[in-house]
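**Student:**
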Amino acid sequence: MDERFNITVRGCDLYYGDLHALKNINIDIEEHAVTALIGPSGCGKSTFIRMLNRMNDLVDDCRITGEIKIGEQDIYAKGTDVTMLRKNVGMVFQKPNPFPMSVYDNVAFAPRTFGIRRKRELDGIVEHSLRRAGLWDEARDRLRKNALDLSGGQQQRLCIARALAADPKILLMDEPTSALDPISTGIIEELIDELELDYTIVIVTHNMQQAARISHKTAFFLLGEIVEYGRTEDIFTNPKDKRTENYITGRFG
Amino acid sequence: MSIRVRYEKELRGVFDNLVLMCRYIEVAIEKSIKALTDLDYELAREVCEEDQLIDKMERDIEQSCLKILVMEHPLASDFREVSAALKMITDLERIGDQAHDIAEITTKLGEDGGSKLVNIPRMAAIVVQMVKDGVQAYINRDLVLARSLEKTDDKVDDLFRVIRSDLTALIRRDPDSAERAIMLMMVAKYLERIGDHAINIGEWVEYAITGSHPKKE
Chain A
2 MDERFNITVR
12 GCDLYYGDLH
22 ALKNINIDIE
32 EHAVTALIGP
42 SGCGKSTFIR
52 MLNRMNDLVD
62 DCRITGEIKI
72 GEQDIYAKGT
82 DVTMLRKNVG
92 MVFQKPNPFP
102 MSVYDNVAFA
112 PRTFGIRRKR
122 ELDGIVEHSL
132 RRAGLWDEAR
142 DRLRKNALDL
152 SGGQQQRLCI
162 ARALAADPKI
172 LLMDEPTSAL
182 DPISTGIIEE
192 LIDELELDYT
202 IVIVTHNMQQ
212 AARISHKTAF
222 FLLGEIVEYG
232 RTEDIFTNPK
242 DKRTENYITG
252 RFG
Chain B
824 MSIRVRYEKE
834 LRGVFDNLVL
844 MCRYIEVAIE
854 KSIKALTDLD
864 YELAREVCEE
874 DQLIDKMERD
884 IEQSCLKILV
894 MEHPLASDFR
904 EVSAALKMIT
914 DLERIGDQAH
924 DIAEITTKLG
934 EDGGSKLVNI
944 PRMAAIVVQM
954 VKDGVQAYIN
964 RDLVLARSLE
974 KTDDKVDDLF
984 RVIRSDLTAL
994 IRRDPDSAER
1004 AIMLMMVAKY
1014 LERIGDHAIN
1024 IGEWVEYAIT
1034 GSHPKKE
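First to last, the protein sequences are chains A and B. 2 is the number of the first residue of the first sequence in our numbering; add one for each residue after it. 824 is the number of the first residue of the second sequence in our numbering; add one for each residue after it.
Structure representation (structure tokens):
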């Protein structure tokens, strides 16, 4: 299949009513790689990733200009199938948010939505997704148990499995480990490492060490702009912009 | 304005200890050369003993840097500053060893061993200044000074060549002086190596300031 899943953003602005939340965003996000987004709270990182699967469509007074392409497809073009877009662009949030149903039903949710009914096929998808999310060994005997009974780290991996079950090509992660202990964080970071071979991963993180550990490229957002974007190693050892330097070294002004 | 108060304080501690270590090393080189020219065995032995102090300072600074890396997770220029300090102290410790080696040679030189030396003390004065400049360039983030070390080292190399030909001539003229000449040649070589270590220090200062190491370009 020739379809590509790199992300190209050109001259993008986003407004919430009068608030100019993203300003002239230009970025090329590579496929089969992990891209980290860093920056202080309220700088537009989450707004940016929500733009990539049109989650901002749900916000009434949100207005977006510019061009955002996944592969060759302009995702804001008229006639875009938003459901298909969101199938291709999965999302994992900061707080694990399993649905209040069984582990199995959580993972089977997306395939069922897309019309898969045959039990054997669903079983296969559930097992495959849980395996990819590194949860199968812990969850195989608890598939019918309520997902909310899992630990925080397990719940987050379940959310990843649930996202993977929709067979996405891009995974957006909004601070996926900020509510987790170091061991669960380590497991999820290793998982991200494995997943990058098959997915385009964009991760928002406030943990500088995490960005340094898992990503190839890092973008620094400040006040709705991308101040600097480059190889993670360069950003963390020798940033070009003084504002990036000040942020990652914990200094301001 | 910095909000990394603790980090700044710990880094300041590393700076202070580096300056102190540098001071000990200057004194060690100067004493070793004075012991050589005056044939002062007592002073030579003092240099040998004080080398342990320099070794200890290296370990202390190393511990402080490693602690900063673990506790403070420095990034960008902070990271470069701490890692440069870690690399520099290895060179400084080696310089201390070379002062020690010079002193040790002095204890083995017979009477008349180091008298009438001109170029060796001259060479020593230059390398002492180079070490000082290297550490000062680090403390003051002075790129110009750091980069000037390479040029200064040319003078050291020139003097080294002069000393070598003088000593070769001496051996030819008076074969009985061969052993003494070889020992003095070793002293010159140690001083020449100190110059090289000072250049290494300058290169790490450049890395700390610019983010690129001249040898890796």
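Note that the Cβ used here is the ideal one computed from N, Cα and C, for glycine as well.
Here's a check: name, in chain order, each residue in its chain whose Cβ is nearer than 7 Å to the Cβ of residue 985 of chain B, leaving out the five neighbours to either side.
**Tutor:** 942
**Student:** Between the stretch 889-904 of chain B and the stretch 918-938 of chain B, are three or more C-beta pairs nearer than 8 Å?
**Tutor:** Touching, no.
**Student:** In whole angstroms, what separates the C-alpha of residue 1029 of chain B from that of residue 248 of chain A?
**Tutor:** For residue 1029 of chain B and residue 248 of chain A, the distance between alpha carbons rounds to 23 Å.
**Student:** With 8 Å as the limit, tell me which residues of the stretch 886-901 of chain B have their beta carbon closer than that to any beta carbon of chain A; keep them in chain order.
**Tutor:** Of all residues in the stretch 886-901 of chain B, those with a C-beta nearer than 8 Å to a C-beta of chain A are 896, 897, 898, 899, 900, 901, reading in chain order.
**Student:** Helix, strand or coil for residue 933 of chain B per DSSP?
**Tutor:** Residue 933 of chain B carries a coil assignment under DSSP once its states are collapsed to helix, strand and coil.
**Student:** Can you tell me whether residue 824 of chain B is buried or exposed? The criterion is at least 16 other CB atoms within 10 Å of its CB, across all chains shown.
**Tutor:** No answer about residue 824 of chain B holds up, because its pLDDT of 44 lies below 50 and its placement is not dependable.
**Student:** Residue 216 of chain A: buried (16+ other C-beta within 10 angstroms of its C-beta) or exposed?
**Tutor:** Taking all protein chains shown into account, residue 216 of chain A has 16 or more neighbouring C-beta atoms within 10 Å of its C-beta and is therefore buried.
**Student:** Mind checking if residue 206 of chain A is an interface residue toward chain B, Cβ cutoff 9 Å exclusive?
**Tutor:** Taking 9 Å as the threshold, the shortest C-beta distance from residue 206 of chain A to chain B does not fall below it.
**Student:** Have a look at A/171, A/192, A/170 and flag the residue whose alpha-carbon is nearest the alpha-carbon of residue 159 of chain A.
**Tutor:** Measuring C-alpha to C-alpha distances from residue 159 of chain A to each of A/171, A/192, A/170 identifies A/192 as the nearest.
**Student:** So, using beta-carbon positions, are residue 858 of chain B and residue 850 of chain B closer together than 9 Å?
**Tutor:** no
**Student:** Can you check whether the CB of residue 55 of chain A is closer than 9 Å to the CB of residue 15 of chain A?
**Tutor:** no
**Student:** Look at the alpha carbon of residue 32 of chain A and the alpha carbon of residue 145 of chain A, and state the distance between them as a whole number of angstroms.
**Tutor:** Residue 32 of chain A and residue 145 of chain A have their C-alpha atoms some 35 Å from each other.
**Student:** If contacts are defined as beta-carbon pairs under 8 Å, then residue 988 of chain B and residue 929 of chain B qualify, I think. What distance do you get, rounded to the angstrom?
**Tutor:** Not really, about 23 Å apart at Cβ, beyond 8 Å.
**Student:** How should residue 886 of chain B be labelled, buried or exposed, when 16 other C-beta atoms within 10 angstroms of its C-beta is the threshold for buried?
**Tutor:** exposed
**Student:** Would you give the residue range spanned by the beta strand (DSSP E) that residue 64 of chain A belongs to?
**Tutor:** 63-71
**Student:** By the 10 Å Cβ neighbour count, where 16 or more other Cβ atoms means buried, how is residue 101 of chain A classified, buried or exposed?
**Tutor:** exposed
**Student:** Please tell me whether residue 219 of chain A has its Cβ less than 9 Å away from any Cβ of chain B.
**Tutor:** For residue 219 of chain A, the nearest beta carbon of chain B is not closer than 9 Å to its own beta carbon.
**Student:** So within the stretch 72-100 of chain A, which uninterrupted alpha helix (DSSP H) runs reach at least 4 residues, ignoring any that extend past its ends?
**Tutor:** 83-89
**Student:** Using beta carbons (cut-off 9 Å, strictly below), is residue 109 of chain A in contact with chain B?
**Tutor:** Between residue 109 of chain A and chain B, the shortest Cβ-Cβ separation is not below 9 Å.
**Student:** From what residue to what residue does the alpha helix (DSSP H) around residue 1030 of chain B run?
**Tutor:** 1001-1033
**Student:** Per DSSP, what kind of secondary structure is residue 231 of chain A in: helix, strand or coil?
**Tutor:** strand
**Student:** State yes or no: is the beta carbon of residue 903 of chain B nearer than 9 Å to at least one beta carbon in chain A?
**Tutor:** yes
**Student:** Are residue 135 of chain A and residue 181 of chain A close, meaning C-beta to C-beta below 9 Å?
**Tutor:** no
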